[in-house]
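Protein chains in written order, with our numbering: chain A, 1 to 220; chain B, 1001 to 1220; chain C, 2001 to 2220; chain D, 3001 to 3220; chain E, 4001 to 4220; chain F, 5001 to 5220.
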């Protein structure tokens, strides 16, 4: 680990999600750069679908962070579970994908829109934005409202994603889009091209931020 | 330019500043990653010390951005001159160091402090934060108030920098610090170690953001 | 439980704190009103002194809330641990003392001041106020900075409390004061008299809010 | 008046409104608790329908507050007329129902919606929320727009109330509702049951806050 | 009244204050422009020193506004008593000096400072700024804290005024100053010259705004 | 120039626009008042339609301001190009029509609406409002979306203008309207009459503010 490692933690126990994260990290793995490793949190629920689910992974995440030798961490769930607790536990940098995704969007457009999977996640996202002091830049958040079965159908998902993002751009005046979950990386580039405005995959955004801290730290 | 190039533009015509930027970029140059090139804007004034100076470089910066073959741009002056105009002129990503520095700090601490060189730059910085909708996270901004002669003296600068940053941390409750100019990179790591909280060099922060966009774009 | 019960949960395992809460509840226990019972969370740490400590009690609090037959709940720790998770878990009203204390203060003065025990709790309180969208009304927060030994000395505590509250009133322009912890109830009335402005004990404020919901619910 | 009295003042001179307030207070009258008395302000207009009407009752309200022996006061009109003037005139607690209703809602949901009687009251409510620094939590406000004749028809009112509250919940993402006037108490419980989220009657909310201050004051 | 009249109403009954207002209006009286008349509100208290005093003049001001043939009105008291009620009562423009003074300052500097006569007026001013949604631009407010006797001494007043304004400029980073009362017009120009930043007399600012509306209305 | 001169600068090189500005100034030219002169910025583009266009006129505007003997300046383009740079360059007052128009509206209604010519100007206007700290008072902004050919047709323009302003008033709850460009003065009075709420022409608003500063300065 000459150049450090970035540990991307999938806080749910679904290995397919971790595999998707791993694929999304490929472009950020560089010769001479830090390793980027993705892991599944075994103690996590199969999906994080409630605040209770998020609470359940906080201390397990903290244990990973304090016992790992990695140089930086990414918590790969769009509710940023355990972010503050993990930051308290270590002086190493810890990134949450919702936070990093939003902040990346702010560098690409004046007002950002968020595509959520489910309407019922949106109130929590709005509260987080208020906590972060970033709500003034939100153009809007809209949900795909797809069932799990529908999400498995890529055409159906793309169609709904495109229409939702267009509404954010054209009705809500967003000029940058954040994909509001950990598993839509594979649509990012295509959606960016279709919309003509920046589209941010939040896990990639957090990994980029982590990459920066590790490279700069190594240079000390 | 197989993997793209990041162009870091020093909008003033002082080549020593450009040399300093170049040194600060070293840790971000990776085998297999994009080149990072630093250039001096010949049309720029020797130093950007007023809003008129900043206005004078807007269209020259735009010309660089529209005529360059680089994949991403960093405008390396803490007043972010021409940032909106350059973004309007290209679909390629353009980063301003004040914006990127602030957003990087928000991922490392809840309230950030800024070290400015001169008190008279602070009102402009405060107005920018209001425009960005980020003022709620500012702990405070304090100036070194060093003359050019004093800035040349590294011990004197370090001493003042440390005392200013300590005041931001201990009196203003900042838990992350942004170095509020393009030329203090060499103090970053030392200051971070002395304070025990994250210290952000804004040019490095912007270059990391640029690095991410280029890597992800190449992956399409 | 003809008229319902309010359960006040001390999330730390220190029974003396619970006894103090119990004493603070006495004025709110009325003939014909709901019972107010105080309990110690056995799973809790001896004191909640970090975000990790707060995280550790979230799911135990949730278990209490979902398994109890009480009609309303008060989480009696000034970091409001588990408040959102508990609200998600039940349709019964759940109150956090920091939130209720702040909102009670807003009904007694235009700008409120908070007395914290320790300076290091203040950043978390400020973040919570931002999340609640209430930061615009904060006059200031100041810490007693007393050691545990000093806190045991009532004269010493009173002296420091009075001077801190006076600074909030006279320097920060607060016209209502919130006692920013679960254990200072016994100073409330005396401090209010000394200052001539409203002083809020947050546990009492939360219990009053709970009392209201139970009485109104019974009336249905 | 062994245990103090709460005086609920209807600032208009319509005794039927006072009778409705009186009925709404029933659940809050407890053995051993303070008396809750409702009075009609004889100098008031028959209805408070303009800012001029509200202004006309300010000094009469002040006279009631300064001459009464009650321990706490509730001004029962959703424009909170005279609230600041009455607070200036006495050190006893004075509550306004709009303020108390909003603050009670903030303890039950993250974003609150308001049901107004008339669209033309809404601008004033929005201004008040801005003054209170609470606008960030507003999901939306919608008016019933019922004539006096229609309001007398309970079925018609319920129907409109339900549809309005559903729009606040489902379109504006409110998760708590405030009844934005002094006379809809009798629909509170039914609406809460129909919606599945908290519904606040503001006069009851203010009376609960008053109840708390009196009980705690007696305990000194 | 070929070209309309502006009525400047001194809401207190002190004719010396009215005489001072009248002198401050001299530069705004133009050949061919509207007359500017200053009147004393006979029903007003000798000085407006409390919120009750302000409340007492609301309906008398409304009567003046609705019965006068003037084309525009200025309410010349820095608490803007009755401003909303008077605006409701007429479609003619009505200006309050606190509001107009603040908005004039915002056109001359990025952050404004306010010089109050008394510290105890400041909380009310802060609440008004919050209501107006303008608090983000406030650099600070500081009081002269001069007794009536001291205010009669011009040298003493000037000395205190200068020191207070310098503190607003140099410590609070104000780059425009509002004189926070109706009676300091005669110091405006001198203070502006001493400070080198704009100083706004609020009554003059309101009269200028009124002048504009009358001139434009005549042009219809 | 006994009484000073106000210079209204049209930053584009279209002399017809300047002629329209000149006509709009007529009501503000008074016997004994300052002259109001309108000039075309020869270096300006034919229309300011982008941020690059706005940037191109900043230094030319600065040159006009620093070399002119006028007492006050109005920059007559709704993107306020060069406003901060010109203010930095002179101690004389400089007004931008977007800023002055907004601030005039705030004195006539609680929430203002803006009529833009083109939808694509709106994001820039929203960013400016955020910078000014005034976004909390915005009811909404809506665009006419008329082509140049359609704008030449007065009936067609009036029809669209009226419908747009009605939507701002009735759907967005605006109670004052700002015409969001430099060339709609001739519709102001008619629109105000049709709507029954104040309508602000921003160039006139800025000229009124300039008029005030010149008159008061002469009086020194």
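Just so you know, even glycine gets a beta-carbon here, dropped at the ideal spot from N, CA and C. None of the values given here were measured: they were computed from a predicted structure.
Pick helix, strand or coil for residue i, following the three-state DSSP scheme.
i: residue 142(A); result: strand
i: residue 5057(F); result: coil
i: residue 5181(F); result: coil
i: residue 5128(F); result: helix
i: residue 5040(F); result: strand
i: residue 47(A); result: coil
i: residue 2150(C); result: helix
i: residue 1119(B); result: helix
i: residue 3200(D); result: strand
i: residue 4088(E); result: helix
i: residue 4134(E); result: coil
i: residue 3207(D); result: helix
i: residue 3031(D); result: coil
i: residue 1176(B); result: strand
i: residue 4212(E); result: helix
i: residue 4101(E); result: helix
i: residue 2004(C); result: coil
Starting from the C-beta of residue i, find all residues in its chain whose C-beta is less than 7 Å away, skip the five residues before and the five after it, and write them out in chain order.
i: residue 5194(F); result: 5162
i: residue 1160(B); result: 1144 and 1146
i: residue 4164(E); result: 4115, 4142 and 4144
i: residue 1036(B); result: 1006, 1008, 1025, 1028, 1029 and 1207
i: residue 2065(C); result: 2073, 2086, 2089, 2090 and 2094
Leaving out five residues on either side along the sequence, give the residues of the same chain with a beta carbon under 6 Å from the beta carbon of residue i.
i: residue 5038(F); result: 5008, 5018, 5021 and 5022
i: residue 5053(F); result: 5045
Short of 8 Å in beta carbon distance, which residues of its chain neighbour residue i, apart from the five on each side in sequence? Order them along the chain.
i: residue 2180(C); result: 2078, 2098, 2101, 2114, 2115, 2116, 2117, 2121, 2125, 2141 and 2202
i: residue 4188(E); result: 4179, 4199, 4200, 4201 and 4204
i: residue 2092(C); result: 2065, 2070, 2071, 2072 and 2073
i: residue 3135(D); result: 3126 and 3129
Provide the residue(s) that pair with residue i in DSSP beta bridges, ordered along the chain.
i: residue 2218(C); result: DSSP, once it has assigned bridges, lists no residue as partnering residue 2218(C).
i: residue 5009(F); result: 5039(F) and 5075(F)
i: residue 4096(E); result: 4075(E)
i: residue 114(A); result: 141(A) and 178(A)
If residue i and residue j are in contact, beta carbons under 8 Å, what's the gap, nearest whole angstrom?
i: residue 2033(C); j: residue 2003(C); result: 6 Å
i: residue 2058(C); j: residue 89(A); result: Their Cβ separation, rounded to whole angstroms, is 16 Å, which puts residue 2058(C) and residue 89(A) out of contact at 8 Å.
i: residue 1107(B); j: residue 95(A); result: 6 Å
i: residue 1200(B); j: residue 1104(B); result: 5 Å
i: residue 5081(F); j: residue 173(A); result: Rounded, the Cβ-Cβ distance is 22 Å, inconsistent with contact.
i: residue 5211(F); j: residue 4208(E); result: 7 Å
i: residue 1137(B); j: residue 133(A); result: 5 Å
i: residue 3014(D); j: residue 3041(D); result: No, residue 3014(D) and residue 3041(D) are not in contact; Cβ-Cβ is about 10 Å, not under 8 Å.
Comparing the CB of residue i with every heavy atom of the ligand SAH, is any distance shorter than 8 Å?
i: residue 63(A); result: Absent from the structure shown: the ligand SAH. Ligands present: none.
Identify each residue in the segment 4136-4154 of chain E for which the Cβ-Cβ distance to at least one residue of chain B is less than 7 Å, and report them in chain order.
4136
What residues in the segment 2189-2217 of chain C bring their beta carbon closer than 9 Å to a beta carbon of chain D?
2189, 2190, 2192, 2193, 2196, 2197, 2198, 2201, 2204, 2205, 2206, 2207, 2208, 2209, 2211, 2212, 2213, 2215, 2216 and 2217
If the cut-off is 9 Å on Cβ atoms, which residues from the segment 40-54 of chain A count as contacting chain C, listed in chain order?
50, 51, 52 and 54
Below 7 Å between beta carbons is the criterion; list the residues of the segment 4105-4118 of chain E that meet it against any residue of chain F, in chain order.
4106, 4107 and 4108
At a Cβ cut of 8 Å, what residues of the segment 2020-2037 of chain C count as close to chain D, listed as they run along the chain?
2026, 2027, 2028, 2030, 2031, 2032 and 2033
Quick one: which residues of the segment 1083-1100 of chain B get their C-beta closer than 8 Å to a C-beta of chain F? List them in chain order.
1084, 1085, 1088 and 1089
Listed from N- to C-terminal order along the chain, which residues in the segment 5124-5135 of chain F have their beta-carbon within a distance smaller than 9 Å of any beta-carbon of chain E?
5132, 5133, 5134 and 5135
Residues from the segment 5156-5186 of chain F in contact with chain E, defined by Cβ distance under 7 Å
none
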